[in-house]
Every structure is written in C-alpha cells, then in structure tokens.
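Undergrad: One structure is given below, represented as structure tokens, and several questions about it will come after.
Residue numbers (my numbering), protein chains in the order written: chain A, 4 to 236; chain B, 964 to 1210.
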C-alpha cells in the first residue's frame, strides 16, 4: 500500500527518517547510481550534496511512497505539486507545452520525481508488485482526495504508449523535445478518472487497498479517511 | 506556407479529445484525415513498422489511401519492400520520402514514385520505438513542396502521429495482444489463488468460497492455462510475480 505524506503528517515521517531516505533515494536513482540511475545532470538541477530536494518540495507538496513487501524499505516515491504555484512545467518545461500552453488550475496537479529504487528490489518485485501498486495509488489518491482531476507530467517519448495504456484520457501538450540525455520527452496531461482506475484495478486483487494515511497519535488507517477530506476542503 | 493559418490549440484539443474516445481503428481514420488536411496533407498510413503477422498477431495498420492503391501494391508484391520502412528501422529517425528514395534501390524508388501517381509525391515519415511494444510509424503524403513547411509543422505531425499510435495500441491491447488477454484472471480464479498462496488446501479453499473441491481445482486449472503454468505452486508463484494476487 502507498503511504500518503502531507504537511499534516510530514513530521512523523521526518522523525522516522523516511523523508531523508526519500531525498537520498531520489538522488541515487536520478543522478548517481552507476547501474540504475537516469544520470541526470547534477549541476543543471542545482543538486547540493547527495540529496535531491528542490524548490518544488514545499509545504503544499504531497508524496506517495511504497515500501518493499518483505523488507519494508522505501522502494518508490512520487510527488504532487499544485499548478497554482510555480512548478516544473511552468518554470522548466514550458517549451514542452507549445501546442496547448502550460496547463494550470486548482484541480490540475503536477506529478514528478517518480522513482523506483531498483537497487532495493529484484525485477519481480519491481514489475510484479511495486509498479502496479504505485500506479493504482496515484489514480486512487487523485480520485479519493477529491481535489485532483488531472495531472501534468513529463514522459519519455518511448514510454508514451505505456502512459496511454494506463491513463487512457491523456493529451500531449507539445512536441517531442530532446533532453540532454539524447532521449525525446513530451509533456502530457492525464485525466484521473474511473476509466484509469479500472485499468489499474484489473491488474490487482479486487479487495486490495491502495492507500494508507497515518497521522501522529492516531492509529494507522486504510484509505484517506474523513480527516483527509477536511484537510482537502 | 502550404496550408491556411491554423489555430493549433483548438485543432489539437478537438482532435485529441475525439481520438481518445475512439474504440476502433475505423473511428480514428476520419479524425486523423481532418488533422493532416489542415496542414495540406492528403494521405496517411499509421501502424506497426514491422509485420507482426509473422508472429501470429494482427498487424496494426490504418490509412486513408484509396483501396486501389493498396490493391496495386499487393498485386505488385511491393508491400513489404517499402524503402521508408527499411530506412526507419536503420536510422530510427524521421525523414522525408525523398530521403528514403535517395537511399533506395530501383524497386524502392519505383514504390515511392507510385505515390506521385496518387497525387502525393512528397511526404514525411515518422517512426516510434516504444518500450515493451512493437515499433510504429506515421507516414503522411502531400502534393505540396515540403520546403514550404516549418520545423514546427513537422514536430506537430510527429507528435500527433505518436499520440494516435499510442491510442491505437491501447485499442488493440499491448503487444502481444493474445498473451496479454489470456493473463487476466477471473475474480474466482484470483480468490482461489489468494487462498492457496495463504497456505490453504484445495478443500479448505473450496469450503471458504462455498464451492466444491472439484470446482476449486477447475478454477486453478483455468488460471494455470492463462498463465502458461502447471501445478499449484508454479501457478501461485507466477500469479504473485505478475502482481495478479497478493504476495
């Protein structure tokens, strides 16, 4: 199950060391790992130390994290940023939105820094367990939270076909633009709706719960619960 | 400019929204035609870059060329000798038909020249190499001179083709289509495998689900057929590995 981290329970995760682990993991999987990382440009991204944390990791940012089914280690994470504040698409990837303009609004959130830590899991755990669960969690979180109707995200060109398989109501926002790594990237906007949820649900047992929301001093709960609705409101 | 000024945002939103709602290749064709016509292009072909039928799978392909054109190509035996396909597989880049012609043998040049007979002597060829699927392509033909088009026009058509190819791939199901479909377990099959994974016997699982042991065995057998496995342990392990049941 994916755990939801908001400003309400951030401190709880910080005290457990999960937040630092997540930023270190992002650095490893995006910038430094010899075998698995994307080898992004550390200097261009303004990375200081071995810790990926930028201007878009702020109080309004929400994270989903997945743990290893057996070791309980953090193995994947993704962040959501409101497009009503400066975000990556507006600040860095606006050229990628040349057809439609940068898409913003209270119900459009940016999904970025989706990382899977392959050094902490084998192929079966990665593809058979973690990935389908995090994908479902993303859709379920958007629908259940009640405030995210669409996500904007940057997708490698060669993964665009897969993106449409999981989020069928996706629109490309601009041309394919080559990144520094030589690969093509596109900006896309995907609707988080029942159609997407059913595609994700079909890969998992019907009774599977995708989300957990923990608050300090309260028992762990499955799903987002009433408290989350009040925060969202 | 070889086409009238375009309100790209409006054309893009309109066509993409409609294409996303399509459920068959035939529904996609008029929308793609409308989009390319706005750019002064007349014909298109969209589909797999390689012939998947040799692996026993249906080839994804749609186009708006006249049927006579395709019949002529089949009659000539030139369908699989198109030089644009060879060039795309070799370079993995986008190019003009003229570039493919310049690198082709006599048969290849004749194939490109035939397009001129159908009032589309010039064209662009875009190719796509998705991870986990079969390469795709989008080829568009026009009687206009391509030098009159901008790089933005080319980039727009490239992106549009990529989106349409992804939609068609979703409609047909990811490759290999048959294997993906058979891997979907029914709710009962999933429940049986979940209880077996939890260490229950076939008899206990049947009792919990309110079915006989024989029926439980049948569900297990059907699940094994879908997963291409044999035996209880192998089937449960395969279902876990594919994320179909809880680990």
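Quick reminder that beta carbons are idealized off the backbone N, C-alpha and C, glycines included.
Hey, how far is the Cα of residue 226 of chain A from the Cα of residue 204 of chain A?
TA: In a straight line, the C-alpha of residue 226 of chain A is about 15 Å away from that of residue 204 of chain A.
Undergrad: Using the beta-carbon of each residue, which ones in chain B are nearer than 9 Å to residue 199 of chain A?
TA: None at all; the shortest Cβ gap to chain B is about 12 Å.
Undergrad: Give the secondary structure of residue 1099 of chain B by DSSP, where H, G and I count as helix, E and B as strand, and everything else as coil.
TA: Looking at residue 1099 of chain B - three-state DSSP - the assignment turns out to be strand.
Undergrad: In this structure, how does DSSP classify residue 211 of chain A when only helix, strand and coil are distinguished?
TA: In the structure shown, residue 211 of chain A sits in coil (DSSP, three-state: anything other than H, G, I, E or B).
Undergrad: Between residue 978 of chain B and the rest of its own chain, which residues show a CB-CB distance below 7 Å, the 5 nearest in sequence each way excluded?
TA: So the list reads 994, 997, 998, once near-sequence residues are dropped.
Undergrad: Taking only runs of the beta strand (DSSP E) that begin and end inside the segment 983-1037 of chain B, which ones reach a length of at least 3 residues, in chain order?
TA: The segment 983-1037 of chain B contains these whole beta strand (DSSP E) runs: 1006-1011, 1024-1026.
Undergrad: Determine the direct distance from the alpha carbon of residue 1180 of chain B to that of residue 99 of chain A, and round the result to whole angstroms.
TA: Cα-Cα distance, rounded: 54 Å.
Undergrad: For residue 43 of chain A, does the three-state DSSP call read helix, strand or coil?
TA: Coil at residue 43 of chain A, not helix or strand.
Undergrad: Step through the CB atoms of chain A and report whether any lies within less than 9 Å of the CB of residue 968 of chain B.
TA: So no, residue 968 of chain B is outside the interface.
Undergrad: Is the Cβ-Cβ distance between residue 129 of chain A and residue 980 of chain B less than 9 Å?
TA: No; because the gap between Cβ atoms is not below 9 Å, this pair is not in contact.
Undergrad: Measure the C-alpha to C-alpha separation of residue 195 of chain A and residue 1185 of chain B and round it to an integer number of angstroms.
TA: For residue 195 of chain A and residue 1185 of chain B, the distance between alpha carbons rounds to 33 Å.
Undergrad: Starting from residue 987 of chain B, find everything on chain A with Cβ-Cβ shorter than 7 Å and list it in chain order.
TA: Going along chain A, no residue has its Cβ under 7 Å from residue 987 of chain B, so there is no contact; the nearest lies around 14 Å.
Undergrad: Give me the DSSP bridge partner(s) of residue 1087 of chain B.
TA: DSSP output for residue 1087 of chain B lists B/1059, B/1103 as bridge partner(s).
Undergrad: Does any C-beta atom of chain B lie closer than 9 Å to the C-beta of residue 214 of chain A?
TA: It does not; no Cβ of chain B falls within 9 Å.
Undergrad: Note the first and the last residue of the continuous beta strand (DSSP E) segment covering residue 119 of chain A.
TA: Segment 111-119, the beta strand (DSSP E) holding residue 119 of chain A.
Undergrad: Three-state secondary structure (DSSP) at residue 107 of chain A?
TA: Looking at residue 107 of chain A - three-state DSSP - the assignment turns out to be coil, as it is neither helix nor strand.
Undergrad: Closer than 8 Å, Cβ to Cβ, to anything on chain B: give me those residues from the segment 181-210 of chain A, in chain order.
TA: So the close ones are 189, 205, 206, 207, 208, 209.
Undergrad: Within a Cβ cutoff of 6 Å, which residues of the same chain sit near residue 117 of chain A, ignoring the five residues on either side of it in sequence?
TA: Here the set comprises 81.
Undergrad: Classify residue 1103 of chain B: buried if its beta carbon has 16 or more other beta carbons within 10 angstroms, exposed otherwise.
TA: It counts as buried.
Undergrad: Does DSSP put residue 16 of chain A in a helix, a strand or coil?
TA: Residue 16 of chain A: helix per DSSP, three-state reduction.
Undergrad: Among A/155, A/19, A/23, which has the Cα closest to the Cα of residue 93 of chain A?
TA: Ranking A/155, A/19, A/23 by Cα distance to residue 93 of chain A puts A/155 first.
Undergrad: In the DSSP assignment, the beta strand (DSSP E) including residue 83 of chain A goes from what residue to what residue?
TA: Element bounds for residue 83 of chain A: 77-85.
Undergrad: Checking contacts by CB at 9 Å: is residue 163 of chain A closer than that to chain B?
TA: By this cut-off, residue 163 of chain A is an interface position.
Undergrad: DSSP on residue 66 of chain A, reduced to helix/strand/coil?
TA: Residue 66 of chain A falls in the strand class under three-state DSSP.
Undergrad: Is there a Cβ from chain A that is less than 9 Å from the Cβ of residue 1203 of chain B?
TA: With 9 Å as the cut-off, residue 1203 of chain B counts as an interface residue toward chain A.
Undergrad: What residues in the segment 94-109 of chain A have a beta carbon less than 9 Å from any beta carbon of chain B?
TA: Within the segment 94-109 of chain A, the qualifying residues are 101, 102, 103, 104.
Undergrad: List, in order along the chain, the chain A residues whose C-beta lies closer than 7 Å to that of residue 1126 of chain B?
TA: The answer, in chain order, is 175.
Undergrad: Which residues in chain A sit within 7 Å of residue 971 of chain B, going by Cβ to Cβ distance?
TA: The answer, in chain order, is 102.
Undergrad: Return the chain-ordered list of same chain residues with a C-beta closer than 6 Å to the C-beta of residue 1142 of chain B, the five sequence neighbours on each side being excluded.
TA: The predicted position of residue 1142 of chain B is uncertain, since its pLDDT is 44 and thus under 50; a value taken from the coordinates is nonetheless stated next. There are no such residues.
Undergrad: Distance check for residue 1117 of chain B and residue 1038 of chain B, CA to CA, integer angstroms please.
TA: Straight-line Cα distance between these residues: approximately 32 Å.
Undergrad: Flag this pair as yes or no: are the beta carbons of residue 1052 of chain B and residue 991 of chain B separated by less than 9 Å?
TA: The answer is no: Cβ separation not under 9 Å.
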